[in-house]
Amino acid sequence: MAIHIKDAHEIELMRESCRLLSVVHYELGQIIRPGISTADIDEYGEKLIRDMGCIPNFLNYNGYPASICVSVNDEVVHGIPKKTRILQEGDIVSLDAGLIYKGYHSDAARTYGVGEISPEARQLIEVTKASFFAGIKKAKAGMRLFDISAAIDDYVTPYGYGIVEDLCGHGIGTHLHEDPMIPNYRVRRRGPRLKPGMTLAIEPMINMGTWAVKWLDDDWTVVTGDGEYSAHYENTILITGSEPEILTLHEEERKELQEEIYV
Ligand code: MF3
Ligand code: CO
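Throughout, my numbering is defined as the position within the sequence shown, counted from one, plus 65.
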């Protein structure tokens, strides 16, 4: 399978799909607090997506039973929302969401602290986010795909964190998962050349301890092998002739980023 290059019209649809998703994430971020259930987050997220006239792309994907993946603490990704799972002060919660707008998919994830969290948990969240930005410094036409992977690895490894290897980033467009697969760790080759018009979901999943993960009996929820916290940060990006465009960043996030420096 080849990496699909989007034309100008498709890029416009991707931009709008991603912009709408950024609003969904922003609104979901506002409701995170102790006392709400992971099912409350899913319900609200699905409503936001449907009210925009869009379709939640995760719902029923390979049988996944919800619209928003909500993963708490040692849950890495694909947590299944439940009425009985109540967020507590000190938890960290990863929200992974996506939607379809006029046939075009978007995909993004954020990890939030619930109330006050430990400095260690805060650092894990910040490093995971920063590793995305370190990675996309290489996301330029002329560079190669796995240069992004190596840059994420180089950023994260000095912290002693574990990089999840069982799940990767991916191409995205008229399907949620398109070629190529994008590891978040260094591999022994540089991979395909990046070209303008590629749309990619870059999504480091970083564990406080071991990189090893296991699956719960629900066959969806991925948890860390050692029970330590895990964080996730994902955006859909567009490769251009110069700097990549981060399509799923909310306006407010863009403002905040201008005040932060990612090295
Ligand atoms: N966002 C996930 C990814 O990046 C997809 C979740 S699919 C679901 O690949 F079925 F778990 F929802
Ligand atoms: Co993804």
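C-beta atoms are modelled at their ideal positions from N, C-alpha and C, and glycine is treated no differently.
From Q95 to L164, what distance separates their C-alpha atoms? Distance between Q95 and L164, taken at the CA atoms: about 19 Å.
Where P184 and A73 are concerned, what is the direct C-alpha to C-alpha distance, given to the nearest angstrom? If I take the Cα positions, the gap works out to 44 Å.
Got a sec? Which residues, its chain only, sit under 7 Å from E81 by beta carbon, not counting five neighbours each side? Answer for E81: Y166, listed in chain order.
Taking the alpha helix (DSSP H) that Y91 falls in, what are its first and last residues? First-last of the alpha helix (DSSP H) with Y91: 73-96.
So the candidates are Y177, K203, L210; which of them puts its Cα closest to the Cα of V192? Checking every option, the nearest Cα to that of V192 belongs to Y177.
For G256, which residues in the same chain have their Cβ closer than 6 Å to its Cβ, ignoring the five residues on either side in sequence? If we look at G256 and ignore the five residues flanking it on each side, its Cβ neighbours are R209, L210, F211.
Indicate whether I304 and A206 have their beta-carbon atoms separated by less than 9 Å. The criterion of a C-beta distance shorter than 9 Å is satisfied by I304 and A206.
For N127, is the beta carbon positioned less than 8 Å from some heavy atom of the ligand MF3? Yes - the ligand MF3 has a heavy atom lying nearer than 8 Å to the Cβ of N127.
Output the distance between the C-alpha atoms of I97 and M263, rounded to the nearest integer angstrom. Rounded to the nearest angstrom, the two C-alpha atoms are 33 Å apart.
Could you tell me the boundaries of the beta strand (DSSP E) in which Y177 lies? Segment 169-178, the beta strand (DSSP E) holding Y177.
Taking the C-alpha atoms as reference points, what is the distance between E321 and F197? Roughly 16 Å separates the two Cα atoms.
Our contact map puts A104 next to K148 with C-beta atoms below 8 Å; I'd like the distance itself, whole angstroms only. Contact flag correct, Cβ pair sits at about 4 Å.
Spatial distance of H235 from P99 (CA atoms): When rounded, the distance between both Cα atoms is 33 Å.
How would you label G292, buried or exposed, when you count the other beta carbons within 10 angstroms and need 16 or more for buried? Exposed, since its Cβ has fewer than 16 Cβ neighbours within 10 Å.
What residues in its chain sit with their C-beta under 7 Å from that of V328, if we drop five residues either side in the sequence? A caution first: V328 carries a pLDDT of 45, below 50, which makes its placement in the model unreliable, though a value can still be read off. Once the five neighbours on either side are set aside, V328 has no close Cβ partner at all.
Relative to the C-alpha of N300, which residue among I70, A67, L86 is closest? For the residues I70, A67, L86, the minimum Cα distance to N300 belongs to L86.
Check whether the Cβ atoms of I157 and V137 lie closer than 9 Å to each other. Contact flag set, yes.
Sequence-distant residues of the same chain with beta carbon closer than 6 Å to I190, five excluded per side: Annotation for I190: T176, A296 place their beta carbon closer than 6 Å to its own, counting only its chain and skipping 5 residues before and after.
Quick one: using the 10 Å Cβ neighbour count with 16 as the cut-off for buried, is S214 buried or exposed? Its Cβ being crowded by 16 or more others within 10 Å, S214 is buried.
Taking DSSP as the reference, what is the three-state secondary structure of I101? Looking at I101 - three-state DSSP - the assignment turns out to be coil, as it is neither helix nor strand.
Taking 8 Å as the cut-off, is the C-beta of G110 nearer than that to any heavy atom in the ligand CO? Checking the 8 Å criterion, the Cβ of G110 is out of range of every heavy atom belonging to the ligand CO.
What does a CB cutoff of less than 6 Å around Y91 pick up in its chain, not counting 5 residues either side in sequence? Cβ neighbours of Y91 beyond the five flanking positions: H315.
Nearest candidate by alpha-carbon position, reference C233, set D107, D172, I133, I151: For C233, the closest C-alpha among the options D107, D172, I133, I151 is that of D172.
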